[in-house]
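**Q** Heads up: the sequence lines are chains A and B, in that order. One rule links them: number in my numbering = place in the first sequence (from 1) + 9. One rule links them: number in my numbering = place in the second sequence (from 1) + 9. Idealized CB from N, CA, C, for every residue including glycine.
Number of protein chains: 2
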Amino acid sequence: MLVAQPNAKPPTPRSCPALDALQTPCLLLDEVRLRANVERMRAHLTRLGVAFRPHLKTAKSLDVARIAMTAPEGPAMVSTLREAEYFARGGVRDMIYGVGIAPAKLARVSAIRAGGADLTVILDSLEQAEAVADHSSSSSDPLPVLIEVDADGHRSGVAPGDADTLLAIGRLLLAGGVSLRGVLLHAGDSYALSDPEALAAAAEAERRAAVTAAETLRAAGLPCPMVSVGSTPTARYARNLVGVTEVRAGVFMFGDLFQAGVGAVAMEDIALSVLATVIGHQRAKGWIITDAGWMALSRDRGTARQKVDQGYGVVCNLAGQPYPDLIVADTNQEHGIVALRRGSDAALPDLPVGARVRILPNHACATGAQHDCYYVLDGSGRVGAVWPRINGW
Amino acid sequence: MLVAQPNAKPPTPRSCPALDALQTPCLLLDEVRLRANVERMRAHLTRLGVAFRPHLKTAKSLDVARIAMTAPEGPAMVSTLREAEYFARGGVRDMIYGVGIAPAKLARVSAIRAGGADLTVILDSLEQAEAVADHSSSSSDPLPVLIEVDADGHRSGVAPGDADTLLAIGRLLLAGGVSLRGVLLHAGDSYALSDPEALAAAAEAERRAAVTAAETLRAAGLPCPMVSVGSTPTARYARNLVGVTEVRAGVFMFGDLFQAGVGAVAMEDIALSVLATVIGHQRAKGWIITDAGWMALSRDRGTARQKVDQGYGVVCNLAGQPYPDLIVADTNQEHGIVALRRGSDAALPDLPVGARVRILPNHACATGAQHDCYYVLDGSGRVGAVWPRINGW
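1) What do you reckon, are the CB atoms on Ala-348(A) and Gly-264(A) nearer than 9 Å?
2) In the DSSP assignment, the beta strand (DSSP E) including Ile-298(B) goes from what residue to what residue?
3) Please state whether DSSP places Leu-31(B) in a helix, a strand or coil.
4) Determine the closest residue to Ala-219(A) out of Ala-210(A), Gly-252(A), Ser-203(A), Pro-242(A), with distance taken between C-alpha atoms.
5) In or out: Asp-381(B) buried (at least 16 other Cβ within 10 Å) or exposed?
6) Quickly, what does DSSP pair Met-282(B) with across the bridge? List them, please.
7) Grab me the residues of Gly-388(B)'s own chain with a C-beta within less than 6 Å of its C-beta, minus the 5 sequence neighbours each way, in chain order.
8) For a quick check, are the C-beta atoms of Ile-461(A) and Asp-133(A) less than 9 Å apart?
9) At a CB distance below 8 Å, what residues from the stretch 373–388 of chain A approach chain B? Give them in sequence order.
10) Would you kindly work out how many angstroms separate the C-alpha atoms of Ala-211(B) and His-290(B), rounded to a whole number?
11) Any idea if Ala-244(A) is buried or exposed, counting beta-carbon neighbours within 10 angstroms, 16 or more meaning buried?
12) Which full runs of the beta strand (DSSP E) of 3+ residues lie inside the stretch 108–154 of chain B, going along the chain?
13) Using a Cβ-Cβ distance under 9 Å, would Glu-343(B) count as near chain A?
14) What distance in whole Å lies between the Cβ atoms of Arg-308(A) and Asp-309(B), which are believed to be in contact at a cut-off of 8 Å?
15) CB-CB under 6 Å to Lys-18(B), same chain, minus the five flanking residues each way: which ones, in chain order?
16) Taking a Cβ distance cut-off of 8 Å, strictly less, list which residues of the stretch 93–106 of chain B are near chain A, in chain order.
17) Looking at the unbroken alpha helix (DSSP H) that takes in Ala-258(A), where does it start and where does it end?
18) Residue range of the beta strand (DSSP E) that Ala-373(B) falls in?
19) Residues in the same chain with beta-carbon distance under 6 Å from Ile-156(A), minus the five sequence neighbours each way, listed in chain order, please.
20) Three or more beta-carbon pairs under 8 Å between the stretch 185–200 of chain A and the stretch 137–149 of chain A, yes or no?
21) Using a Cβ distance threshold of 8 Å, determine whether the stretch 344–363 of chain A contacts the stretch 38–52 of chain A, with at least three qualifying pairs required.
22) What residues are listed by DSSP as bridge partners for Cys-325(B)?
23) Please confirm whether any heavy atom of the ligand NAD lies closer than 8 Å to the CB of Ile-279(A).
24) Counting only the same chain and skipping the five closest in sequence on each side, list residues whose C-beta sits under 8 Å from that of Ala-285(A).
25) Taking Ala-244(A) as the query, report the chain B residues whose CB atoms sit under 8 Å from its CB, ordered along the chain.
26) Lys-316(A) to Leu-327(A), Cα distance in whole Å?
27) If contacts are defined as beta-carbon pairs under 8 Å, then Leu-360(A) and Val-287(A) qualify, I think. What distance do you get, rounded to the angstrom?
28) Between which two residues does the alpha helix (DSSP H) containing Phe-267(A) stretch?
29) Does the stretch 263–278 of chain B come close enough to the stretch 223–237 of chain B that 3 or more CB-CB pairs lie under 8 Å?
30) With a threshold of 9 Å between beta-carbons, can Met-86(A) be considered close to chain B, or not?
31) Roughly how many angstroms separate the alpha carbons of Arg-91(B) and Pro-26(B), rounded to a whole number?
32) What is the DSSP secondary structure of Met-78(B), counted as helix, strand or coil?
33) Let me see if you follow: with CB-CB separation under 9 Å, is Arg-314(A) close to chain B or not?
34) Checking contacts by CB at 9 Å: is Ser-403(A) closer than that to chain B?
35) Gln-330(B) versus chain A: which residues are under 9 Å apart at the beta carbon?
36) Between Ser-199(B) and Asp-339(A), what straight-line distance do the alpha-carbon atoms span, to the nearest angstrom?
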């Protein structure tokens with residue numbers, strides 16, 4: 010299902026325009042912050058004695074993957090089969106496709122595996138297990154499988170205490186010649202928290218659920234070499250990961266305002282921003298209009314449910330420093346309405362038509378997906394490279 | 010700023026898979042409904058005696074543009090310069106770039122015009138007028154310009170009664186050798202309405218503001234051949250367009266749940282849907298999990314502010330008929346949580362793993378932008394074509 014953008018041209022990483030010569034809106038990535046975020050997570054997980062499997066769903070870029078992964082062949086996590094195909098072409102070998110497998114996707118999974126990538130699928134039902142077992146037999150490709158376990162009731166997965174279902178799935182898979190790799194959990198409810206103790210408790214609950222499910226399998230004689238957990242907040246706040254073999258996290262690499270609201274990243278570590286140009290004013294209303302609307306920023310309003318509502322993003326100068334109380338208060342498709350927070354007594358900065366600003370996004374995964382490349386800022390604040398990224402399925 | 014998706018392959022319109030063989034999630038477009046929506050708008054505007062300039066920001070597809078436009082060369086409206094470049098390559102000649110022009114974009118505008126397209130820009134300030142006049146002189150490309158006028162206080166534009174600013178901009182442009190084409194308005198506040206009389210009143214207010222501004226220019230001896238208004242709701246509800254020369258509208262072509270909530274389209278006319286596959290269940294909670302999360306549907310939650318909150322979309326069977334009270338209640342990046350509306354006593358349909366559903370989107374512009382092509386359903390409900398679309402700037 011790969012369809013070209015009809016006006017697509019090859020990326021030209023050698024022609025890197027200056028920051029003030031870029032056409033706007035576009036996506037900026039601060040490489041220094043990116044590397045520091047990765048280094049911090051890696052050191053933290055090394056201290057906890059577990060492997061790190063970066064989730065590539067936020068970046069969808071081979072250049073970023075090579076910084077985030079511990080080795081060029083992985084491990085890595087993907088959210089779409091298009092990502093798996095793209096990263097496999099880039100030499101990544103050890104991947105998990107982190108969305109419950111649909112039977113109609115199995116042929117595509119095997120095609121990716123036939124190209125040399127060790128792609129693992131996840132599932133949480135007997136129906137899926139049967140489909141995977143049938144496919145493994147008929148295709149002579151014994152698929153590696155992780156059973157998805159529900160860490161906190163937020164989405165998919167077998168309940169960790171539901172030994173009957175866990176064992177029935179495990180036995181069905183083994184009988185079908187599938188390679189049962191273990192269990193996988195994602196503590197998605199941690200996104201709703203913001204207290205460090207509550208986040209540490211969520212990480213411990215995720216660990217305990219994982220260990221419970223793994224022990225259930227092992228006690229019945231089923232293999233469970235991998236115990237994979239992760240989310241950016243629980244990865245950041247985990248204090249003890251005994252029994253866990255690997256941690257997954259993705260959005261922490263870039264950071265965003267939502268994760269800053271959770272407390273999983275610091276505002277000054279956010280590596281992603283949207284470059285925008287001022288195109289007008291409604292001075293009586295205190296509005297500055299820019300060319301970065303929701304199409305460039307995404308429709309994500311996740312911070313609306315947090316203590317500090319950041320509108321559609323925090324407005325910064327070209328050096329990346331936030332203007333006091335200045336946010337994108339509203340958006341249309343290609344217009345951003347920049348204004349002071351309600352009740353603020355800060356001064357509206359003087360930003361004439363043509364002035365440029367950087368906007369920190371609510372949600373890096375959503376904002377990134379609106380763009381097809383990153384303009385990468387080096388340590389001097391100049392554009393040192395252009396890194397393509399993919400989208401779609 | 011054209012950067013290829015690194016895994017992009019050419020579109021293969023000759024290989025059109027059956028609906029149940031498509032990889033999901035993907036975007037379906039009902040060609041019969043699309044053509045009917047266009048025909049209805051065209052007939053309505055013909056009755057009102059005005060030209061129709063379709064806004065291509067929703068579709069971003071040359072195939073759709075050729076159905077929507079009254080002639081292969083236009084007129085048409087675009088929201089990005091990448092659209093202008095793409096449609097110009099496709100033979101569209103008469104285009105307006107509908108976002109207030111930034112000085113740094115003028116060279117790109119002239120490059121598009123040098124290729125043969127008559128691309129008009131819009132502006133609402135003396136600063137922009139000065140930049141355009143300077144550019145017109147120095148580049149020997151006398152740019153055509155429309156002055157943006159504020160219909161209803163929702164975004165950009167000179168107030169229609171602000172004769173001083175209108176005339177100052179007009180005179181500055183003329184003195185600079187710019188081709189002053191007239192005025193342009195967009196009644197964006199109509200999106201917040203839902204009563205037919207209020208929508209008709211919004212259309213009449215948009216018309217009056219346009220005529221006021223046009224008469225101000227003409228009374229001072231300035232040219233104003235074009236009087237351009239439009240939004241899907243006001244286009245639909247306008248009863249009298251005397252003094253207006255053209256109407257713009259875009260989202261009506263596809264329709265969506267938000268516009269259905271406004272009353273600008275009928276639910277059964279919505280031509281766009283996302284095809285999704287069931288990948289799991291949480292039966293105790295009444296959840297059906299699909300592979301269409303916010304990445305496939307967009308983060309748009311516009312119906313949350315309307316009388317009927319449609320969640321992230323209305324769930325339909327493969328024929329496009331909604332299941333009673335079944336909506337996408339929540340989403341993660343690649344997961345949709347399908348459930349009955351709160352308080353519904355309808356029965357949850359039996360949708361096993363692998364079953365397929367179609368999801369009507371909240372906002373066609375936002376949902377479309379998450380995809381790179383349309384799988385086009387012909388009258389028999391089969392995929393008759395694959396139409397590429399563009400994104401980005």
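**A** According to the data block:
1) At the C-beta level, Ala-348(A) and Gly-264(A) stay beyond 9 Å of one another.
2) 296–299
3) coil
4) Here the closest residue by C-alpha is Gly-252(A).
5) buried
6) Met is not the amino acid found at residue 282(B); the sequence shown has Ser there. Paired residue(s): Leu-37(B).
7) Val-41
8) Any answer about residue 461(A) is impossible in this case: the structure gives chain A only from 10 up to 402.
9) Cys-374, Ala-375, Ala-378, Gln-379, His-380, Asp-381, Cys-382
10) 45 Å
11) buried
12) 127–132
13) yes
14) Yes, they are in contact, since the Cβ atoms of Asp-309(B) and Arg-308(A) sit about 5 Å apart, within 8 Å.
15) No answer about Lys-18(B) holds up, because its pLDDT of 46 lies below 50 and its placement is not dependable.
16) Glu-94, Tyr-95, Arg-98
17) Careful: Ala-258(A) lies outside any alpha helix (DSSP H), inside the beta strand (DSSP E) at 255–258.
18) No beta strand (DSSP E) contains Ala-373(B), which is instead part of the alpha helix (DSSP H) from 373–377.
19) Ile-178, Val-192
20) yes
21) no
22) Per DSSP, the beta-bridge partners of Cys-325(B) are Pro-331(B), Arg-367(B).
23) As far as ligands go, the structure on display features none, and thus does not contain the ligand NAD.
24) Thr-33, Pro-34, Thr-299, Asp-300, Ala-301, Ala-305, Gly-345, Arg-365, Val-366, Arg-367, Ile-368
25) Those do not exist, as Ala-244(A) stays about 17 Å from chain B at its closest Cβ, beyond 8 Å.
26) 27 Å
27) At roughly 5 Å, the Cβ-Cβ gap stays under 8 Å, so Leu-360(A) and Val-287(A) are in contact.
28) 266–271
29) no
30) no
31) 30 Å
32) coil
33) Not closer than 9 Å to any Cβ of chain B, the Cβ of Arg-314(A) fails to qualify, so no.
34) There is no way to answer for residue 403(A), as the model of chain A reaches only from 10 to 402.
35) Those do not exist, as Gln-330(B) stays about 22 Å from chain A at its closest Cβ, beyond 9 Å.
36) Approximately 16 Å, taken between the alpha carbons.
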